[in-house]
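Undergrad: Following the working numbering, the numbering of the sequence shown begins with 127 at its first residue and continues without gaps.
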Amino acid sequence: MPGKAELRAFLAEATGRVTKSDIARAFGLSSDQRAALRALLRELAAEGGSAPAGKRAVIAPSRLPEITPVEITGTDPDGDPIARPVGWQGEGRPPIIYMRPEPAGRPALTAGERVLARLKAIGPGKYEGRTFKRIGGAPPARILGVFEEGRIIPTDRRQKGIWQVPPGEEGGARPGEIVLAEPLPSTRHLGPKPARITERLGVMGEPRSVSLVCIHAHGIPDVFPAEAVQQAERAKGVAVRGRTDLRDIPLVTIDGADARDFDDAVFAEPEGEGWRILVAIADVAHYVTPGSHLDREAWARGNSVYFPDRVVPMLPEALSNGWCSLRPAEDRGCLFVEMRFDAHGRKHGHTFGRGIMRSAARLTYEQVQEAADAGADHGTLPPGHIARLYGAYRALLGAREKRGTLDLDMPERKVDLDSHGRVTGVSPRPRLDSHRLIEEFMVAANVCAAEELERLTQPCMYRVHDRPSDQKLEGLRQFLATFEITLPPSDRLHPRDFAGVLGKVRGTPHERLVNEAVLRGQSQAAYAPDNIGHFGLALARYAHFTSPIRRYADLLVHRALIRGLKLGKDGLEETEAARFPDTAEHITSTERRAAAAERDAVDRYLAAFMAQRVGESFEARISGVTRFGLFVTLEENGASGIVPLGSLPDDRWDLDEATQTLAGRRTRLTFSLGQAVEARLVEATPRTGGMVFHIMQGLPSRGRGRPAPKGRQRERRR
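As structure tokens, then:
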């Protein structure tokens with residue numbers, strides 16, 4: 127009998143669906159071994175090692191069956207449909223399916239339509255598809271777009287359709303306005319479909335239009351029910367009775383200059399040869415009680431969402447910027463953890479409590495860094511206060527480095543707006559030691575929270591991060607091999623191995639690309655009531671405790687601590703604990719929704735900023751190589767966009783998936799991942815956030831400054 131590893135390898139190498147008879151023949155099994163084979167296949171399927179392909183066959187979990195239902199999601203730059211499999215259950219992102227155009231006389235495939243497609247693999251995670259049978263597909267429940275000349279032009283770049291608004295269905299909308307609409311019944315198969323405008327959101331191009339589009343495009347709730355607002359406005363300060371009085375301890379908040387809420391405060395002092403660290407967190411559980419209007423709304427939102435010009439908070443302003451914000455010189459309720467470490471950052475013990483505190487100062491990361499560099503203190507803080515914070519930080523950092531963690535250097539893009547909300551610049555947000563100081567203090571507090579809940583045998587909403595999947599690791603290995611970098615076998619892989627990879631490319635032209643590739647190769651972090659550890663931080667247990675204003679997971683951890691330590695009557699309830707699996711799945715999805723909306727907003731702001739620079743050339747690097755063209759990322763501000771295949775010099779272009787290279791047969795030009803290029807911006811669309819570039823390499827000097835010659839239709843590699 128083959129083992130599970132041998133079966134996985136056999137399925138991975140098979141070109142299509144595999145039956146039990148195929149397996150029996152391949153491994154020379156007798157009829158007496160069929161029962162054992164069936165049992166083995168059931169175990170493999172339960173572990174996710176195989177996927178059904180019809181009634182009597184299986185395939186590798188990352189491979190699609192030959193006939194698969196797919197949904198059209200949009201078109202590629204050449205206008206051909208792109209699809210994804212319906213109900214994808216595999217790891218990572220679903221494969222991309224490039225559909226062949228429909229035969230003459232048949233209507234083209236449109237976004238949202240579903241078909242049975244006959245598939246042929248053309249590369250890792252890529253298939254070519256031909257329509258086998260149309261199976262319909264519901265139109266979108268609502269349409270978000272810009273109203274122009276009686277039509278709605280979608281703001282989602284993946285939707286290529288245009289909707290016609292019949293007379294009388296405009297809802298008072300004027301040209302240029304962002305609108306929400308609903309489809310109208312229609313028997314029309316060709317041309318724009320009819321829609322009725324149901325809501326006007328503002329004018330495209332106005333200062334707040336970008337975040338408005340992103341809020342509605344991603345379905346983020348942005349209006350609080352009246353009952354939740356009223357409950358928040360009735361809130362009052364906490365009483366001292368029953369709480370530990372921390373008001374004489376000079377706790378300080380350290381946040382970004384543009385922060386709108388302050389939910390954590392820190393203090394550190396030497397203790398013998400080690401350190402005593404205090405982390406105090408806003409007592410949101412005191413105000414947001416289980417089952418209340420505030421609680422139901424906070425659960426639905428899952429987290430706050432941050433845009434360059436606004437925040438969509440998890441809690442109403444009366445709490446998020448009021449009683450739950452640790453403002454300086456104002457009494458505030460808190461949950462705190464007191465931690466003790468030796469000189470090498472090893473923890474000796476911790477204690478949790480419920481207290482009342484008074485922040486000594488509201489500091490920014492830049493202020494703290496400047497004070498530390500100058501060896502001084504800020505304002506009215508006691509002498510040596512900031513130096514003590516940094517001393518404790520260095521001890522924790524030493525323990526982190528010894529533990530070996532994954533520390534990706536992915537600079538966050540900061541969008542600068544003027545007083546009118548217009549973009550004045552987009553730049554990498556600096557990452558200072560003051561940022562790392564707060565990160566280390568918060569990580570330490572989060573670990574203590576998970577450990578304490580396990581000690582108390584209370585439910586815990588863990589923050590988990592699984593090891594990279596074999597499929598993602600294989601793709602990463604192939605990419606790193608182009609730079610002659612290797613990784614250990616997956617069963618011996620540790621986060622410090624990734625740190626070693628990043629160290630090898632630090633300061634090289636490929637640094638950003640390798641950081642991005644390593645990031646894409648990781649599993650996504652999630653919330654779960656069952657602990658599997660946190661691979662990236664190299665921690666056996668980890669929970670979120672430090673941001674209950676903006677994360678519902680932290681509020682649940684606070685309630686569990688309150689119940690376990692008998693710190694009040696507003697602790698976790700049994701009905702909440704029973705719902706932990708569903709809640710974990712929900713808040714993981716709201717977190718990813720928020721991250722997508724925030725990235726979307728930055729892309730659109732960046733497109734608005736770059737729209738003023740159409741025609742300019744920039745230093746860039748190739749960040750993606752595909753069958754339909756290239757993707758480039760600018761060195762100046764991280765803006766990314768597509769270089770259509772049709773804009774490259776006239777040639778027959780071959781794609782080498784293994785080396786991520788696009789090579790011209792006649793011109794001998796080669797474009798490869800990470801290559802430095804000169805890119806000219808030819809199109810920037812703030813409505814969708816999309817940008818189109820032309821690469822100047824290979825064009826005659828007289829062609830520079832003008833659009834690249836079109837030439838004949840390029841042959842595409844299938």
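Glycine included, every Cβ here is placed at the ideal spot set by N, Cα and C.
On the DSSP letters alone, give me the boundaries of the alpha helix (DSSP H) that P621 sits inside.
TA: Element bounds for P621: 621-631.
Undergrad: Give the DSSP-derived three-state secondary structure of Y653 in the structure shown.
TA: Of the three classes helix, strand and coil, the one that applies to Y653 here is strand, per DSSP.
Undergrad: Using the Cα positions of R151 and Q159, report the straight-line distance between them to the nearest angstrom.
TA: Near 12 angstroms, if we compare the C-alpha coordinates of Q159 and R151.
Undergrad: Run the CB neighbour count on P635, radius 10 Å, all protein chains shown included, and call it buried at 16 or more, exposed below.
TA: It counts as exposed.
Undergrad: So, with DSSP's three-state summary, where would you put E702?
TA: Residue state, collapsed to three classes: helix.
Undergrad: Please classify C574: does DSSP put it in a helix, a strand, or coil?
TA: It is helical.
Undergrad: If distances are taken between C-alpha atoms only, which option among R466, L404, H546 comes closest to S485?
TA: For S485, the nearest C-alpha among the options comes from L404.
Undergrad: Measuring CB to CB, does L602 end up less than 8 angstroms from G647?
TA: A contact, by the Cβ cut-off of 8 angstroms.
Undergrad: Shortest alpha-carbon distance to A394 belongs to which of P509, V410, G276?
TA: Comparing Cα-Cα distances from A394 to each of P509, V410, G276, the minimum goes to P509.
Undergrad: Does P556 have its Cβ less than 8 angstroms from a Cβ in chain B?
TA: Chain labels in this structure do not include chain B; a single protein chain is all it has.
Undergrad: Taking the beta strand (DSSP E) that R244 falls in, what are its first and last residues?
TA: R244 -> beta strand (DSSP E) spans 240-249.
Undergrad: Distance check for L242 and T145, CA to CA, integer angstroms please.
TA: Distance between the alpha carbons of T145 and L242 is about 22 angstroms.
Undergrad: My output table needs one value for L613: the three-state DSSP class, helix, strand or coil.
TA: L613: coil per DSSP, three-state reduction.
Undergrad: Okay, do the stretch 322-340 and the stretch 711-727 touch, 3+ Cβ pairs below 8 angstroms being the bar?
TA: Yes, since at least three Cβ pairs between the stretch 322-340 and the stretch 711-727 fall closer than 8 angstroms, the two stretches touch.
Undergrad: Pick from C460, V769, R753: whose alpha carbon is nearest that of W779?
TA: When each option's Cα is compared against that of W779, the closest is R753.
Undergrad: Under the DSSP definition of a beta bridge, which residues are partnered with L760?
TA: A746.
Undergrad: Would you please state the rounded distance, in angstroms, between the beta carbons of Y668 and A576? I believe it to be under 8 angstroms.
TA: Confirmed, Cβ separation roughly 6 angstroms.
Undergrad: State the DSSP-derived secondary structure class of R581, mapped to helix, strand or coil.
TA: Residue state, collapsed to three classes: helix.
Undergrad: Work out the CA separation of R386 and M587 for me, nearest whole Å.
TA: So the alpha carbons of these two residues sit roughly 26 angstroms apart.
Undergrad: Which complete alpha helix (DSSP H) runs does the stretch 444-516 hold, if anything under 4 residues is left out?
TA: Qualifying alpha helix (DSSP H) stretches, in chain order: 491-500.
Undergrad: Taking the continuous alpha helix (DSSP H) assigned at D596, which residues delimit it?
TA: Segment 596-607, the alpha helix (DSSP H) holding D596.
Undergrad: How far does the beta strand (DSSP E) with I149 in it extend, from its first residue to its last?
TA: Segment 146-153 is the alpha helix (DSSP H) holding I149; no beta strand (DSSP E) there.
Undergrad: Please classify G271 as buried or exposed, where buried requires at least 16 neighbouring CB atoms within 10 angstroms.
TA: With 16 or more Cβ atoms within 10 Å of its Cβ, G271 is classed as buried.
Undergrad: With distance defined between alpha-carbon atoms, name the residue in G767, L190, A664 nearest to R210.
TA: With distances taken between Cα atoms, R210 lies closest to L190.
Undergrad: Quick check: the Cα distance between R427 and T759, rounded to an integer number of angstroms?
TA: Their backbone Cα atoms lie some 33 angstroms apart in a straight line.
Undergrad: Could you tell me the distance, in whole angstroms, from the CA atom of P674 to the CA atom of E711?
TA: Taking the straight line from one Cα to the other gives about 18 angstroms.
Undergrad: Does the Cβ of A521 have 16 or more other Cβ atoms within 10 Å, making it buried, or fewer, making it exposed?
TA: Flag for A521 reads buried.
Undergrad: Looking at the unbroken alpha helix (DSSP H) that takes in L420, where does it start and where does it end?
TA: Start and end: 419-427.
Undergrad: Can you tell me which of H470, Y653, K362 puts its alpha carbon nearest to the alpha carbon of P528?
TA: In the sequence under discussion, the amino acid at residue 528 is Lys, which differs from the Pro named in the question. If we check each option's Cα against that of K528, H470 comes out closest.
Undergrad: Helix, strand or coil, according to DSSP, for D206 in the structure here?
TA: If DSSP states are grouped into helix, strand and coil, D206 belongs with coil.
Undergrad: Name, in chain order, the residues that DSSP records as bridge partners for K259.
TA: Answer by DSSP bridge pairing, in chain order: L242.
Undergrad: Is I636 helix, strand or coil by DSSP?
TA: The question names Ile, yet the displayed sequence has His at residue 636. Three-state DSSP puts H636 in coil, outside helix and strand.
Undergrad: Name the DSSP beta bridge partners of F567, please?
TA: DSSP output for F567 lists no bridge partner at all.
Undergrad: Which partner residues of K695 appear in the DSSP bridge assignment?
TA: Answer is none; K695 lacks a bridge partner.
Undergrad: Going along the chain, which residues of its own chain have a beta-carbon closer than 6 angstroms to the beta-carbon of D696, five neighbours each way excluded?
TA: Within the same chain, D696 has close Cβ partners A411, T415.
Undergrad: Counting only the same chain and skipping the five closest in sequence on each side, list residues whose C-beta sits under 7 angstroms from that of P250.
TA: Result list for P250: G601, E783, in chain order.
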